[in-house]
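Below you'll find the structure, written out as structure tokens, and then a few comments.
Residue numbers (the numbering used here): 296 to 1150.
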């Protein structure tokens, strides 16, 4: 143990300490610290146990095998908890730990079973694994929550648009909505807080100072909302910064209501104005006189005035002119009536005009009036009608032309000689042909079957647009109307509930979620409900067994696949198999990789981030950002394994060679072999005509039972060609090929030239004839196919159809130009043979020679 000298002491003290140590060592006894009674002299270094307790958790998985990336602020949903793998003592080297070294304790200090643990804060006590750190314990805190609020964001709830994340001063507390993973959260049930001033559901503070805001923020500025989860989000906590922007008057609609003359003469300038529908007063607005129609220099007399409205507080910027009138009497908007009801009140908004029933539903000037109970006068009303295009129209047009209209009603001051005035009110009017009772005339279908508009159907995600499977039929007087012409079908997706339902119009119903198909009509009034009739369905996640794949995987024995080792990281992807066993790749981001479990030959399994070195890999996976359409069914969230290997097919064919997989498969299928007595294949060697026929003979399964009619007395085979030695290894195959019509030899001769190199176009002919014998369609438009190649002129006229067929069949021309007359090497032949016939075939009559073919 090293003694430490306090540098505040003199050299004399240091000398005493040194002398004491030397004396103790010379006597062979343990050194005793000199000056032990001096409180300023340290006699100990940091104990290993202290280094452990002050250490850091440096690597961990959760109990599902996923790597934990943020070890400083650990939060998990119920059923998930951390499992340490590595601890680094302070100023020490990393130490591996195992789960048996760990105890979990709740806030009271009691040991708990994390598999059943509820929401709360817990401590993970990680013990020194072998006692080398004095059996010390490192304590690490973490939280268990119902569901995590990480990723929660805010939006302006006032306009029901969840994509609007900007807030602008309105003079009122902001309507702040919260959305997480596309779902609007309910502030009453999902979120909670402990605001020190009010019993409200969220805690707002000023950014920077963290000073609490009384209630919900109103003024322009920077804020932070502290969100404490409740309900299914119990225990989770996040902070979200946001800004309330200043109100720009120059970009806003500014209106001032008419005022009575007595009030105007008493107060002068207006004291309030509506800005984008929100009423603001002189706390925020400054009013400056601009003009009067009658030439007055100040506001007071009956007239129409223009004033400039500008900013009077930090919450507002810009300016804008606005007009208003001063009148003798101001009519309350609540006294403006339409057919006996207040303008704009239900059931008059929207109001329907039916051209089939104009006597009862038409509108004219007499439809509007002023309530005579409080007002015993006959003021003139100004009525303005605007169509959907913003064009002014008359009553006749509104009553006879199908469409949507906005009617604005007011007591116009100028029209009434400034004796009376009022604010303006609007109502919506829809002109339709007739009414249709939806519950007896509207049908929804799913896959052709009629479904109920009540309740909700549940449909599993397929990756296709479910809306395409939904049909609608709307009948009028027994006749089916035309969707898109007589009525409209609109699709909405449910985004959540927060005091009201949030629906967003969408184009398709592909992703998981709740959808609403709404039928409305611009020609007919649909009753039950007032305007829309709907069908609701839910797209549920698809449960899949996720598999790991790679475009670099090669098959070398029809069973086991591996990635040839290159020293470079290999690509990978995730997929699942459909009901027919076909591979379906998952979209980018659907599955996230935590890490790979990598096991090198003879080594322990470790975590890695890429597929590179020789060994076995399994992926630890979880749903990614785009994974909401799936549910992982894999046990322990682990995929199948894939291997990286440096094994070679043949000594001269590395697994990274372009044709390695096809060469191995040609060998495994028995189509082609390496050179006898060697481990070499000779991939670059040009192949002889006789060897090609041997390959075709093997592809045909080496038919048996015909040889006796072709054998010579010496055991060879009579091929019928003058230049083929009956005793050669290829004689049997050539005899077979000629007998079944695959080859005829050179035109005008009786020669086959078995030792000559075969050209690419000659091989194409043999393969084409063989394919036809096996029942394949070999018809092809040769001119159209060959026109795609710049070297089509290298193909002889007699071979054009054969080469074109090989190209069309994907056998030739995939990896190189045509090169019709060039010789072909063994790697290319192996590739073409496997492409033509990737699996053994059943024998056909056309591949068996007829008896006594005759020579």
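Here a beta-carbon is modelled for each residue, glycine too, at the ideal position from N, C-alpha and C.
In this text, all values refer to a predicted model and were calculated from it rather than measured experimentally.
6 angstroms Cβ shell around residue i - same chain, five flanking residues per side excluded
i: residue 460; result: 450
i: residue 1147; result: Confidence in residue 1147 is poor, its pLDDT being 46 and thus under 50, which makes the residue's placement unreliable; the coordinate value appears in the next sentence. Within the same chain, residue 1147 has close Cβ partners 1004.
i: residue 304; result: Below a pLDDT of 50, predicted positions are generally treated as unreliable, and residue 304, at 39, falls in that range; the measurement from the model is reported next regardless. Cβ neighbours of residue 304 beyond the five flanking positions: none.
i: residue 1032; result: 988, 1038
i: residue 680; result: 688, 693, 700, 702
i: residue 825; result: Residue placement at residue 825 is poorly supported in this model, since its pLDDT is 45, which falls under 50; the coordinates are not used for a value here.
i: residue 418; result: 400, 434, 436
i: residue 923; result: 807
i: residue 856; result: 848, 850
i: residue 499; result: 508, 512, 518, 520
i: residue 792; result: 481
8 angstroms contact criterion, which residue i and residue j should meet: CB distance rounded
i: residue 663; j: residue 752; result: Not confirmed; about 46 angstroms, so no contact.
i: residue 415; j: residue 530; result: 7 angstroms
i: residue 867; j: residue 844; result: 7 angstroms
i: residue 1113; j: residue 1087; result: 6 angstroms
i: residue 1136; j: residue 965; result: In fact, because the Cβ distance is near 12 angstroms, the residues do not count as touching under 8 angstroms.
i: residue 439; j: residue 376; result: 7 angstroms
i: residue 508; j: residue 518; result: 7 angstroms
i: residue 537; j: residue 473; result: That pair is no contact at about 11 angstroms.
i: residue 486; j: residue 525; result: 6 angstroms
i: residue 596; j: residue 621; result: 7 angstroms
i: residue 1040; j: residue 1016; result: 6 angstroms
i: residue 906; j: residue 939; result: 6 angstroms
i: residue 748; j: residue 739; result: 6 angstroms
i: residue 454; j: residue 424; result: Actually they do not touch by this definition, with Cβ atoms about 59 angstroms apart.
i: residue 544; j: residue 570; result: 7 angstroms
i: residue 1115; j: residue 1094; result: 6 angstroms
Own chain partners of residue i with C-beta closer than 8 angstroms, once the 5 adjacent residues on each side are dropped
i: residue 1143; result: 998, 1000, 1001, 1035
i: residue 363; result: 355, 356, 357, 369, 377
i: residue 984; result: 1047, 1048, 1049, 1050, 1051, 1052, 1053, 1057
i: residue 742; result: 764
i: residue 710; result: 675, 677
i: residue 801; result: 786, 787, 788, 810
i: residue 1085; result: 1112
Delimiting residues of the beta strand (DSSP E) encompassing residue i
i: residue 536; result: 532 to 540
i: residue 587; result: 580 to 587
i: residue 416; result: 415 to 422
i: residue 1026; result: Note, residue 1026: premise wrong, no beta strand (DSSP E); alpha helix (DSSP H) at 1026 to 1034.
i: residue 433; result: 432 to 440
i: residue 592; result: From DSSP, residue 592 is part of no beta strand (DSSP E); its letter is neither H nor E.
i: residue 653; result: Residue 653 -> not in any beta strand (DSSP E); alpha helix (DSSP H) instead, spanning 653 to 656.
i: residue 346; result: Where residue 346 is concerned, there is no enclosing beta strand (DSSP E), although the alpha helix (DSSP H) it sits in stretches over 343 to 348.
beta-carbon residue i near the ligand HEM non-hydrogen atom, thresh 6 angstroms
i: residue 755; result: The ligand content of the structure shown is nil, which means the ligand HEM is not present either.
In DSSP terms, what residue i is bridged to
i: residue 637; result: 632
i: residue 753; result: 833
i: residue 868; result: 844
i: residue 745; result: 740
i: residue 788; result: 799, 810
i: residue 828; result: 814
i: residue 722; result: 702
i: residue 677; result: 705
i: residue 993; result: According to DSSP, residue 993 bridges with nothing at all.
i: residue 858; result: 939
i: residue 766; result: 740
i: residue 381; result: 354, 391
i: residue 616; result: 603
i: residue 917; result: 887
Endpoints, alpha helix (DSSP H) assigned at residue i
i: residue 691; result: 690 to 695
i: residue 1001; result: Element bounds for residue 1001: n/a, residue is neither H nor E.
i: residue 736; result: 733 to 736
i: residue 1129; result: 1121 to 1131
i: residue 903; result: No alpha helix (DSSP H) contains residue 903, which is instead part of the beta strand (DSSP E) from 901 to 903.
i: residue 556; result: 556 to 562
i: residue 1014; result: First-last for residue 1014: undefined, no H or E at that position.
Residues near residue i in its chain [Cβ-Cβ closer than 7 angstroms; skip 5 each side]
i: residue 682; result: 688, 698, 700
i: residue 882; result: 921
Completely contained beta strand (DSSP E) runs for the stretch 928 to 989, where each covers 3 or more residues: Secondary structure within the stretch 928 to 989: the beta strand (DSSP E) runs of 3 or more consecutive residues, fully enclosed, are 933 to 940 (chain order).
Would you mind listing the alpha helix (DSSP H) stretches within the stretch 1040 to 1110 that are 4+ residues and don't spill past its ends, in chain order? You should have 1055 to 1068, 1077 to 1081, 1095 to 1103.
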